[in-house]
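Student: As they're listed, the protein sequences go chains Y and X.
The working numbering applies: residue 1 is where the first sequence begins, and numbers increase by one.
The working numbering applies: residue 1 is where the second sequence begins, and numbers increase by one.
Virtual Cβ for every residue (Gly too), placed ideally from N, Cα, C.
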Amino acid sequence: MVIVRLHDVSKYYRVGFSVVKALENINLEIKENEFISIVGPSGSGKSTLLNMIGCLDKPTKGKVFFKGLDIALLSDRELSKFRAYNIGFIFQTFNLIPSLTALENVEISSSFSNKVKNPRERALKLLDLVGLKERALHRPSQLSGGEQQRVAIARALMNDPEIILADEPTGNLDSKTAEEIINLFLELKKMGKTIVLVTHNISLTENSDRIIYLKDGRIENEVRKSN
Amino acid sequence: MKLEKAIKLALRNISRNKLRNSFVILAFILAVILGGIIIGPVNGFKSYWVSSIKEAGFNAIAIIPGKAEIGGPGYSPPTKYIKVEDALYIKSKNIKEIVAISPIIIVGFLIFGQNTSSFIAGGWEDLKIIGEFKIYKGRFIEEQDKDSQEINAVLGYNVWKKYLGENIDVNQKLEVNVIIRQNILVQTVTVKLNVIGLLEKRPPVPGLNLNPNDAIILHLNQALKLINFTNVNKAIVDNIFISANNFNNLDFVSEEVIKILEERGYKKDIDFTIVSQKDALNVVDRIYSQFNNFINIIWATVIIISSLSVLIVMVITVRERYREIGTLRALGAKRTDILMLFLFESLILCLIGVFIGSIVSVFTIEILKESFEFIRYVTLNIILQTYSVIIPEIILATIIFALYPSYRATKIEPAIALRYE
Numbered sequence: 001m002v003i004v005r006l007h008d009v010s011k012y013y014r015v016g017f018s019v020v021k022a023l024e025n026i027n028l029e030i031k032e033n034e035f036i037s038i039v040g041p042s043g044s045g046k047s048t049l050l051n052m053i054g055c056l057d058k059p060t061k062g063k064v065f066f067k068g069l070d071i072a073l074l075s076d077r078e079l080s081k082f083r084a085y086n087i088g089f090i091f092q093t094f095n096l097i098p099s100l101t102a103l104e105n106v107e108i109s110s111s112f113s114n115k116v117k118n119p120r121e122r123a124l125k126l127l128d129l130v131g132l133k134e135r136a137l138h139r140p141s142q143l144s145g146g147e148q149q150r151v152a153i154a155r156a157l158m159n160d161p162e163i164i165l166a167d168e169p170t171g172n173l174d175s176k177t178a179e180e181i182i183n184l185f186l187e188l189k190k191m192g193k194t195i196v197l198v199t200h201n202i203s204l205t206e207n208s209d210r211i212i213y214l215k216d217g218r219i220e221n222e223v224r225k226s227n
Numbered sequence: 001m002k003l004e005k006a007i008k009l010a011l012r013n014i015s016r017n018k019l020r021n022s023f024v025i026l027a028f029i030l031a032v033i034l035g036g037i038i039i040g041p042v043n044g045f046k047s048y049w050v051s052s053i054k055e056a057g058f059n060a061i062a063i064i065p066g067k068a069e070i071g072g073p074g075y076s077p078p079t080k081y082i083k084v085e086d087a088l089y090i091k092s093k094n095i096k097e098i099v100a101i102s103p104i105i106i107v108g109f110l111i112f113g114q115n116t117s118s119f120i121a122g123g124w125e126d127l128k129i130i131g132e133f134k135i136y137k138g139r140f141i142e143e144q145d146k147d148s149q150e151i152n153a154v155l156g157y158n159v160w161k162k163y164l165g166e167n168i169d170v171n172q173k174l175e176v177n178v179i180i181r182q183n184i185l186v187q188t189v190t191v192k193l194n195v196i197g198l199l200e201k202r203p204p205v206p207g208l209n210l211n212p213n214d215a216i217i218l219h220l221n222q223a224l225k226l227i228n229f230t231n232v233n234k235a236i237v238d239n240i241f242i243s244a245n246n247f248n249n250l251d252f253v254s255e256e257v258i259k260i261l262e263e264r265g266y267k268k269d270i271d272f273t274i275v276s277q278k279d280a281l282n283v284v285d286r287i288y289s290q291f292n293n294f295i296n297i298i299w300a301t302v303i304i305i306s307s308l309s310v311l312i313v314m315v316i317t318v319r320e321r322y323r324e325i326g327t328l329r330a331l332g333a334k335r336t337d338i339l340m341l342f343l344f345e346s347l348i349l350c351l352i353g354v355f356i357g358s359i360v361s362v363f364t365i366e367i368l369k370e371s372f373e374f375i376r377y378v379t380l381n382i383i384l385q386t387y388s389v390i391i392p393e394i395i396l397a398t399i400i401f402a403l404y405p406s407y408r409a410t411k412i413e414p415a416i417a418l419r420y421e
């Protein structure tokens, strides 16, 4: 089943007097329980594409459908709710809230949806899943980069989203920790999650179902892997 | 986002920048202290004057010869002087709203060392009602005293404290040196008084130079005898005091008295002026409102400065937490959630400051009460009344000033905020 479909999506930014074409005529389908890697050099439009898939941005041209729903039809308020219920985000810089503990950082996602009945219990369970139950009451500043990213993964899973979008999640981590994080994504895939991973590190994509190569805002190549 | 979660997150964020937020809280503490110790005492000062005026006899009017304006440019003498016969004439009209009437003539001042503040005044027995005098010992002057061989005198509180010493019996003789006036002549005489009554201490009358506690009160006829004036009815009075049966009838009584005096050929505001406690209250109100306007300007400045501190800190905070706002939006926070978050942060800073400031200013006022008499009238009730006005004003100003940075935070696009370095 197709979860996300991008139809002829283009995104242009105006910078001064010139127009930057961040994405150009992208057509893409993401199926349920797929692990997709989007790779490309810096400035190729990877993060912009991820923002389109994650309903953080609207295309200049074309349409984004999420389970058949045209997201352009949603208001800002509806989009926020839509993200809270359906999408989990993981960022390169972890983006944890410094004043909150690991547990509270995971719990905070549930503040924006009514999906989770017992947020504290679920947050603890998710921290256990990422191997950080013992560090639940630590602040981000007391955690290593890898630990912070695992908290961010737990946070992304809090509302049990349809799809997890990871934007360079290993960019700030050493290779060993990066491998641990990728293994965690594979675990999530086994749990039935759909994962979209943006990276410029080809070595991290070997376990993906599909690799999409972006260059200058266009899909240059698409490689399907048979596991 | 649930309210408790938003408040919790706001509290946590406040604790992130303790030093900076402490300055904002300090601004609010100072604002409330300033509000408390400026506006509170101003209200207390008004309350002090109002209670003094009320204690001075609320239902009285005074007929003053000439033109006198309370709180106005000054005094000009009459062309025709009011006499005792005019008081008798008003009395003869038997106006039912008038419960007491008495002329007052000051016949002399006592010499006691360098101090001449005590004075001898002649009046009628109604003066007891008008002045709301309470007898400590003996009795007040009565009609029978006018023909007494002795000069029967009632002593005000300060007089008997000063002249009688330990011996505070009535019906004792008291010799005093008095400067008396006889027309344009002034001379010093020794007067032997028969003390018939001692008065309790009473509050001074605001706006009156002579303190009733410094008075030796004689029957009018006897007072005039001291200055060798025998034609009592033709004697020029210093004032005529009239008590109405209630405060609401003061205006009616004033109008009746004006009519009577005009009937007798006197011109209002040229030959006589009528002043009531109502006028005195109006003057207090006028002074208070002018003073209050000035205080309001200061208060508005204080509020603006403290609220500006919130505005500046929140603008910086929003800029610092740009990416955090983007993250929260990505996680599903609505624009209103972001607005509430920053408004709560501002409000919590404000409320902490208001709470501490209120307690500190209550203690400050208590300490100042030792030094300033009018601050003694700043009761807990006045403090609460003051805070019931200034605290909502501070909170409202904070919300208004915090709205701009909070609104700006809601306008941040998540996709742009997440790219923000």
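Locate the alpha helix (DSSP H) running through Ala223(X), then write down its first and last residues.
Tutor: First-last of the alpha helix (DSSP H) with Ala223(X): Leu220 to Leu226.
Student: On the DSSP bridge list, what partners appear for Leu199(X)?
Tutor: Paired residues: Ile135(X).
Student: When Cβ atoms are compared, which residues of the segment 6-29 of chain X fall closer than 7 Å to chain Y?
Tutor: Listed in sequence order: Arg12, Asn13, Ser15 and Arg16.
Student: Go through the segment 283-336 of chain X residue by residue and report every complete run of the alpha helix (DSSP H) that reaches 4 residues or more, in order.
Tutor: Whole alpha helix (DSSP H) segments, 4+ residues: 322-331.
Student: Check each candidate in Asp147(X), Glu132(X) and Val32(X) and name the one with the smallest Cα separation from Ser388(X).
Tutor: Of the listed residues, the one whose Cα sits closest to Ser388(X) is Val32(X).
Student: Quick one: Cα of Leu26(X) to Cα of Gly44(X), how far?
Tutor: Rounded to the nearest angstrom, the two C-alpha atoms are 26 Å apart.
Student: Would you tell me roughly how many angstroms separate the C-alpha atoms of Lys91(X) and Asp279(X), rounded to the nearest one?
Tutor: The alpha-carbon atoms of Lys91(X) and Asp279(X) are separated by roughly 23 Å.
Student: Return helix, strand or coil for Glu143(X), following the three-state DSSP convention.
Tutor: DSSP places Glu143(X) in helix when its eight states are reduced to three.
Student: Identify which residue in Ile365(X), Arg321(X) and Lys369(X) has its Cα closest to the Cα of Ala10(X).
Tutor: Here the closest residue by C-alpha is Arg321(X).
Student: Measure from the C-beta of Met314(X) to each C-beta in chain B and report whether the shortest distance is under 9 Å.
Tutor: Given the protein chain composition of this structure (Y and X), no chain B is represented.
Student: How many angstroms separate the CA atom of Tyr213(Y) from the CA atom of Ile53(Y)?
Tutor: When rounded, the distance between both Cα atoms is 16 Å.
Student: Since Ile240(X) is in the beta strand (DSSP E), which residue starts that stretch and which ends it?
Tutor: Taken as a continuous stretch (DSSP letters only), the beta strand (DSSP E) holding Ile240(X) covers Asn239 to Ala244.
Student: Can you tell me which of Phe23(X), Lys234(X), Gly332(X) and Trp299(X) puts its alpha carbon nearest to the alpha carbon of Leu89(Y)?
Tutor: A small fix is needed here, since residue 89(Y) is Phe in this sequence, not Leu. If we check each option's Cα against that of Phe89(Y), Gly332(X) comes out closest.
Student: Is the CB of Pro392(X) under 9 Å away from at least one CB in chain Y?
Tutor: No, no contact with chain Y.
Student: At a CB-CB cut-off below 7 Å, which residues of chain X make contact with Ile172(Y)?
Tutor: Correcting the residue type first, residue 172(Y) is Asn in the shown sequence and not Ile. The premise fails here: Asn172(Y) is roughly 13 Å from chain X at the closest Cβ pair, so nothing lies under 7 Å.
Student: Could you tell me the alpha carbon to alpha carbon distance between Val302(X) and Thr317(X), rounded to whole angstroms?
Tutor: Those two C-alpha atoms are separated by around 23 Å.
Student: What do you reckon, are the CB atoms on Tyr81(X) and Pro65(X) nearer than 9 Å?
Tutor: Yes, the pair counts as a contact, with Cβ atoms nearer than the cut-off.
Student: Going by C-alpha to C-alpha distance, which of Phe94(Y), Ser144(Y), Arg224(Y) and Ala154(Y) sits closest to Arg323(X)?
Tutor: Nearest of Phe94(Y), Ser144(Y), Arg224(Y) and Ala154(Y) to Arg323(X), Cα basis: Phe94(Y).
Student: Just the C-alpha distance for Ala178(Y) and Arg77(Y), rounded to the nearest angstrom, thanks.
Tutor: Straight-line Cα distance between these residues: approximately 35 Å.
Student: Mind checking if Gly40(Y) is an interface residue toward chain X, Cβ cutoff 9 Å exclusive?
Tutor: No, Gly40(Y) lies away from the interface with chain X (no Cβ there is under 9 Å from its Cβ).
Student: Interface residues of chain Y around Met340(X) at Cβ under 7 Å?
Tutor: Residues of chain Y passing the Cβ test: none, with the nearest at roughly 11 Å.
Student: Can you tell me which of Ile394(X), Arg419(X), Leu347(X) and Leu110(X) puts its alpha carbon nearest to the alpha carbon of Ile6(X)?
Tutor: For the record, residue 6(X) in the displayed sequence is Ala; it is not Ile. The shortest C-alpha separation from Ala6(X) is found at Leu347(X).
Student: Determine, using beta carbons only, whether Ile298(X) and Leu218(X) come nearer to each other than 9 Å.
Tutor: Result no, Cβ atoms of Ile298(X) and Leu218(X) do not sit closer than 9 Å.
Student: Can you grab the Cα-Cα spacing for the pair Asn172(Y) / Gln92(Y), in whole Å?
Tutor: Distance between the alpha carbons of Asn172(Y) and Gln92(Y): 6 Å.
Student: Taking the continuous beta strand (DSSP E) assigned at Lys31(Y), which residues delimit it?
Tutor: Element bounds for Lys31(Y): Ser18 to Lys31.
Student: Let me know the secondary structure DSSP gives Tyr81(X) once reduced to three states.
Tutor: If DSSP states are grouped into helix, strand and coil, Tyr81(X) belongs with coil.
Student: Since Asp167(Y) sits in a beta bridge, which residues does DSSP pair it with?
Tutor: The partner list for Asp167(Y) (beta bridge, DSSP) reads Val198(Y).
Student: Taking Ser276(X) as part of the beta strand (DSSP E), name the residues at either end of that continuous run.
Tutor: Ser276(X) -> beta strand (DSSP E) spans Phe272 to Ser276.
Student: Flag Arg14(Y) as yes if its beta-carbon sits less than 9 Å from any beta-carbon of chain X, otherwise no.
Tutor: Arg14(Y) does not count as touching chain X.
Student: Using CA atoms only, rank isn't needed, just tell me which of Glu168(Y), Ile181(Y) and Ala22(Y) is closest to Phe201(Y).
Tutor: Looking at the sequence shown, residue 201(Y) is not Phe but Asn. Nearest C-alpha to Asn201(Y): Glu168(Y).
Student: Does DSSP put Asp269(X) in a helix, in a strand, or in coil?
Tutor: Here Asp269(X) sits in coil by DSSP.
Student: Compare the C-beta of Leu135(Y) against all C-beta atoms of chain X and say whether one is closer than 9 Å.
Tutor: The question names Leu, yet the displayed sequence has Arg at residue 135(Y). Not one chain X Cβ lies under 9 Å of Arg135(Y).
Student: Taking only beta-carbon positions, decide if Gly43(Y) is within less than 9 Å of chain X.
Tutor: False, the Cβ-Cβ gap to chain X never drops below 9 Å.
Student: Per the DSSP calculation, Thr60(Y) is bridged to which residue(s)?
Tutor: None, per the DSSP bridge assignment.
Student: Suppose the cutoff is 6 Å on Cβ atoms and the five residues either side in sequence are ignored; what does the same chain contact list for Ala402(X) look like?
Tutor: Same-chain partners within the cutoff: Val310, Met314, Leu343 and Ser346.
Student: Any beta carbon of chain Y sitting closer than 9 Å to that of Arg335(X)?
Tutor: So, interface residue.
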